[in-house]
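Asks: Provided herewith is a single structure, encoded as structure tokens, for subsequent inquiry.
Numbering (our numbering), first residue to last: 0 to 384.
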């Protein structure tokens, strides 16, 4: 297998899964250079393949050989142990970032995938600690004069406390490191919400004179010049099927800023037979981002906290920070805010508070992800009437 051909790697991984093989994520303690069968005989792992480190972008063969050599004595315990044992002339910060984004540190991170943001934020600290330990060891070698080795242990160091990545952010990082989203689809995490607006999966779409709402993530986009100007053909993918949708000149000019690869979109379109391909295609009449759909149809953003705990103060502080950032970054299309409902629970009692308008927010994935990082993934939801 050509490890640098990410399209081929993605195809072979999908083919393996379709044939009942489990493809295990890259792992700094378990992966070799190439993809290899897992030899354990337990039923769970009898038909599994371990992802090869050689298929991670930004990780050269020299860096991989250094990692494999360093772990011969014992598996890596954490990021700090890793930095202290590999040859960092070969395994530089860029290589470590690629490993984290690919999920190769998940198995030794305290919270697994949820710690990827902390691992990325901690690389600089881990490198600095490794340099300090090396410097101290050299000084000890000069002045200890026969003192017993191995008596000192470096104190444990905590990873920085930062907001966890959302599922979407993790997948986009995987795409950077591996060339595609390994652990899931960008549509999976938003599928149930998208189905509120576009209940028909692309696989079940049928030709119709009446337009329908369809949803998917933009997988590809290509331009085409016509006599009336530029139009765009985007490929929507919702996991069930892919559909080419034509965005004609006027709509393209108005919405070209959201026609980006990996962007989830809702499209009001007429579905037509495509005589060229023999399949179907769509003709877009209106395009909405998920944030815009939330602004148009949602009742508000509900945040659940435990009464009497510090979460309440954290939520208020977070909302203030978010509001400052939103005002700095908002465009004319992002000025509409959604109501924020704070639900405080204490035992069996529930109190709902509609926060003042000054605390209302734009219900974007960034804002929702920031709040979920404080109060928990399931404690924040967009509520529809």
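Don't be surprised by glycine CBs; every beta carbon is placed ideally from N, CA and C. Owing to the predicted nature of the structure, the values given are computational and were not obtained by experimental measurement.
So is residue 383 buried or exposed if we call it buried at 16+ other beta carbons inside 10 Å?
Replies: The residue given as residue 383 occupies position 384 in the chain shown. Classification of residue 383: exposed, given that the 10 Å Cβ count is below 16.
Asks: Short check: CB of residue 302 to CB of residue 378, under 8 Å?
Replies: Within the chain shown, the letter at position 303 stands for residue 302. Within the chain shown, the letter at position 379 stands for residue 378. Going by C-beta atoms, residue 302 is nearer than 8 Å to residue 378.
Asks: Using DSSP's beta-bridge definition, name the partner residues of residue 243.
Replies: Against the chain shown, residue 243 aligns to sequence position 244. Per DSSP, 234, 280.
Asks: Do residue 222 and residue 236 have their C-beta atoms closer together than 8 Å?
Replies: For this step, residue 222 is matched to residue 223 along the chain shown. For this step, residue 236 is matched to residue 237 along the chain shown. The answer is no: Cβ separation not under 8 Å.
Asks: Can you check which of these residues, 257, 247, 161, 27, is closest to residue 216 by C-alpha distance?
Replies: For the purposes of this step, residue 216 is taken as residue 217 along the chain shown, with counting starting at 1. Nearest C-alpha to residue 216: 257.
Asks: Could you say which of 346, 354, 127, 348 lies nearest to residue 340 if we only look at CA atoms?
Replies: Against the chain shown, residue 340 aligns to sequence position 341. Checked all of 346, 354, 127, 348; the closest Cα to residue 340 is 354.
Asks: Applying the criterion that 16 or more other CB atoms from any shown protein chain within 10 Å of the CB defines a buried residue, is residue 251 buried or exposed?
Replies: The residue you call residue 251 lines up with position 252 of the chain shown. Answer is buried; the Cβ neighbour count reaches 16.
Asks: May I ask you to report which of helix, strand or coil DSSP gives residue 19?
Replies: The residue labelled residue 19 in the question sits at position 20 within the chain shown. Here residue 19 sits in coil by DSSP.
Asks: If distances are taken between C-alpha atoms only, which option among 380, 315, 335 comes closest to residue 358?
Replies: Sequence index remark: in the chain shown, residue 358 carries index 359 (1-based). When each option's Cα is compared against that of residue 358, the closest is 315.
Asks: Could you check the C-alpha separation between residue 63 and residue 70 for me, to the nearest Å?
Replies: Within the chain shown, the letter at position 64 stands for residue 63. Within the chain shown, the letter at position 71 stands for residue 70. Cα to Cα, residue 63 sits roughly 11 Å from residue 70.
Asks: Note down, one range per segment and in chain order, each beta strand (DSSP E) of at least 3 residues found wholly within the segment 32-89.
Replies: Segments of the beta strand (DSSP E) lying fully in the segment 32-89: 47-49.
Asks: Compute the Euclidean distance between the alpha carbons of residue 330 and residue 121, then round it to the nearest angstrom.
Replies: Here residue 330 refers to the residue found at position 331 of the chain shown. Here residue 121 refers to the residue found at position 122 of the chain shown. Because the pLDDT at residue 330 is just 48, under 50, the model does not fix this residue reliably, and the value given afterwards should be weighed accordingly. The straight-line gap from Cα to Cα measures roughly 33 Å.
Asks: Roughly how many angstroms lie between the CA atoms of residue 27 and residue 173, to the nearest whole one?
Replies: Counted from its first residue, the chain shown places residue 27 at position 28. Counted from its first residue, the chain shown places residue 173 at position 174. Going from the Cα of residue 27 to the Cα of residue 173 covers about 15 Å.
Asks: Looking at residue 213 and residue 266, is the spacing between their C-beta atoms short of 8 Å?
Replies: Your numbering for residue 266 matches position 267 in the chain shown. Your numbering for residue 213 matches position 214 in the chain shown. Contact: yes.
Asks: Identify whether residue 214 lies in helix, strand or coil by the three-state DSSP scheme.
Replies: What you label residue 214 is simply residue 215 of the chain shown in a count that begins at 1. Note: residue 214 maps to strand in three-state DSSP.
Asks: Return the chain-ordered list of same chain residues with a C-beta closer than 7 Å to the C-beta of residue 230, the five sequence neighbours on each side being excluded.
Replies: The residue you call residue 230 lines up with position 231 of the chain shown. The residues are 223, 245, 246, 247, 248, 251.
Asks: Is the beta carbon of residue 204 closer than 8 Å to that of residue 242?
Replies: The count along the chain shown starts at 1 and reaches residue 242 at position 243. The count along the chain shown starts at 1 and reaches residue 204 at position 205. A contact, by the Cβ cut-off of 8 Å.
Asks: Distance check for residue 373 and residue 183, CA to CA, integer angstroms please.
Replies: Taking the first residue of the chain shown as 1, we reach residue 183 at position 184. Taking the first residue of the chain shown as 1, we reach residue 373 at position 374. So the two alpha carbons sit approximately 24 Å from each other.
Asks: Expressed to the nearest angstrom, what Euclidean distance is found between the alpha-carbon atoms of residue 58 and residue 95?
Replies: Counted from its first residue, the chain shown places residue 58 at position 59. Counted from its first residue, the chain shown places residue 95 at position 96. Computed Cα separation, rounded: 8 Å.
Asks: Assuming the contact rule is C-beta atoms closer than 8 Å, residue 21 and residue 54 should be a hit. Round their C-beta distance to whole Å, please.
Replies: Residue numbering aside, residue 21 sits at position 22 when the chain shown is read from its first letter. Residue numbering aside, residue 54 sits at position 55 when the chain shown is read from its first letter. Between residue 54 and residue 21 the Cβ distance is about 17 Å, and since that is not below 8 Å, they are no contact.
Asks: Would you kindly report the start and end of the unbroken beta strand (DSSP E) that includes residue 269?
Replies: For the purposes of this step, residue 269 is taken as residue 270 along the chain shown, with counting starting at 1. First-last of the beta strand (DSSP E) with residue 269: 263-272.
Asks: If contacts are defined as beta-carbon pairs under 8 Å, then residue 240 and residue 201 qualify, I think. What distance do you get, rounded to the angstrom?
Replies: Numbered from 1 along the chain shown, position 241 holds the residue referred to as residue 240. Numbered from 1 along the chain shown, position 202 holds the residue referred to as residue 201. About 4 Å; that satisfies the 8 Å criterion.
Asks: Do residue 279 and residue 206 count as a contact pair if the criterion is CB distance below 8 Å?
Replies: Taking the chain shown and counting its residues from 1, the one referred to as residue 206 is at position 207. Taking the chain shown and counting its residues from 1, the one referred to as residue 279 is at position 280. Yes, they are a contact pair.
Asks: Can you tell me which residues form a DSSP beta bridge with residue 5?
Replies: Numbered from its first residue, the chain shown carries residue 5 at position 6. Residue 5 is not bridged to any residue.
Asks: For residue 180, count neighbouring C-beta atoms within 10 Å of its own C-beta (all shown protein chains included) and say buried if the count is 16 or more, exposed if not.
Replies: Here the question's residue 180 lines up with position 181 in the chain shown. Buried, because 16 or more other Cβ atoms sit within 10 Å of the Cβ of residue 180.
Asks: Can you find the residues in the same chain that come closer than 8 Å, C-beta to C-beta, to residue 220, ignoring five residues on each side of it along the sequence?
Replies: The count along the chain shown starts at 1 and reaches residue 220 at position 221. Excluding residues within five positions, the ones whose Cβ falls inside 8 Å are 231, 232, 233, 234, 258, 259, 260.
Asks: Taking the alpha carbon of residue 193 as the point to measure from, which residue in 262, 164, 132 has its own alpha carbon closest?
Replies: Taking the first residue of the chain shown as position 1, residue 193 is located at position 194. Among 262, 164, 132, the Cα nearest to that of residue 193 is on 262.
Asks: If we count the other Cβ atoms within 10 Å of its Cβ and call it buried at 16 or more, is residue 148 buried or exposed?
Replies: For this step, residue 148 is matched to residue 149 along the chain shown. Note that residue 148 scores a pLDDT of 45, beneath 50, so its modelled location is shaky; the value from the coordinates is reported in the next line. By the 10 Å Cβ count, residue 148 comes out exposed.
Asks: Taking the beta carbon of residue 225 as the centre, do at least 16 other beta carbons fall within 10 Å, making it buried, or is it exposed?
Replies: The residue you call residue 225 lines up with position 226 of the chain shown. The residue is exposed, with fewer than 16 neighbouring Cβ atoms inside 10 Å.
Asks: Just confirm the distance between the C-beta atoms of residue 238 and residue 187, as a whole number of angstroms; I'd bet it's less than 8 Å.
Replies: One-based indexing of the chain shown puts residue 238 at position 239. One-based indexing of the chain shown puts residue 187 at position 188. Going by Cβ atoms, the distance from residue 238 to residue 187 rounds to 7 Å, so yes, they are a contact pair.
Asks: List the endpoints of the continuous alpha helix (DSSP H) containing residue 368.
Replies: Position 369 of the chain shown, counting from 1, holds the residue named residue 368. Note, residue 368: alpha helix (DSSP H), 364-374.
Asks: Quick one: what does DSSP say residue 385 is sitting in, helix, strand or coil?
Replies: Nothing can be reported for residue 385: it is not among the residues displayed for the chain, which extend from 0 to 384.
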